[in-house]
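In full-length UniProt numbering, the protein residues as written are 1 to 146.
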């Protein structure tokens with residue numbers, strides 16, 4: 001399997017509390033979809049209103065960490081509603097050993113961060129050729145001297 005095990009056991013409880021109570025002090029977890037397309041896995045994170053330069057991706061061993069920041073507005077203005085979380089968003093995924101973490105590709109468009117992770121060559125199914133060994137006489141019966 002590829003993923004998805006979060007490294008924070010309290011994240012689901014925290015997410016539920018944020019959905020019910022709402023807070024901008026600790027932003028909500030970024031929404032994610034993941035699927036397999038042939039020999040690659042695709043992961044998409046929703047990050048609307050996040051500048052591309054604030055996105056940080058790290059891979060250490062088999063843990064992928066995604067961080068992004070939506071900054072608060074500065075200037076002379078008065079908030080009438082403030083429902084969109086601001087601050088630093090972070091998510092960690094434990095990726096399987098069958099993925100090639102050295103060849104992850106990342107793109108960001110229309111508020112969606114898309115990661116493409118290829119399956120490692122060693123994890124792909126392969127054919128093994130069975131050769132005919134010239135010294136093997138398995139097709140003729142052995143002589144028995146009595």
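From the three backbone atoms N, C-alpha and C, an ideal C-beta is built for every residue, glycine too.
Bear in mind that the values here come from a model prediction, so they are computed numbers and not experimental data.
From residue i to residue j, what distance separates their C-alpha atoms?
i, j, result
"residue 107", "residue 81", "31 Å"
"residue 56", "residue 90", "9 Å"
"residue 21", "residue 121", "The pLDDT assigned to residue 21 is 48, lower than 50, so where the model puts this residue is not dependable, and the model offers no usable value."
"residue 73", "residue 83", "13 Å"
"residue 43", "residue 111", "14 Å"
"residue 47", "residue 125", "35 Å"
"residue 33", "residue 76", "38 Å"
"residue 118", "residue 45", "18 Å"
"residue 113", "residue 86", "17 Å"
"residue 49", "residue 105", "21 Å"
Let's test the definition: count the other Cβ atoms within 10 Å of the Cβ of residue i and tell me whether it reaches 16, buried, or not, exposed.
i, result
"residue 58", "exposed"
"residue 152", "Residue 152 is absent from the model: the chain starts at 1 and stops at 146."
"residue 128", "exposed"
"residue 88", "exposed"
"residue 66", "buried"
"residue 23", "Because residue 23 carries a pLDDT of 49, less than 50, the predicted location of this residue cannot be relied on, and the following value inherits that uncertainty. That one is exposed."
Per DSSP, what kind of secondary structure is residue i in: helix, strand or coil?
i, result
"residue 201", "It is not possible to answer for residue 201, since the shown part of the chain is limited to 1 through 146."
"residue 121", "helix"
"residue 58", "strand"
"residue 52", "helix"
"residue 32", "strand"
"residue 82", "coil"
"residue 46", "strand"
Do we get a CB-CB distance below 7 Å when we pair residue i with the residues of chain C?
i, result
"residue 101", "No chain C appears in this structure, which consists of one protein chain only."
Hey, out of the options, whose CA is closest to residue i's CA?
i, options, result
"residue 51", "70, 33 and 103", "70"
"residue 40", "85, 128 and 100", "100"
"residue 116", "37, 98 and 30", "37"
"residue 62", "102, 109 and 78", "102"
"residue 60", "35, 130 and 95", "95"
"residue 53", "98, 109, 97 and 64", "109"
"residue 92", "64, 104, 35 and 30", "64"
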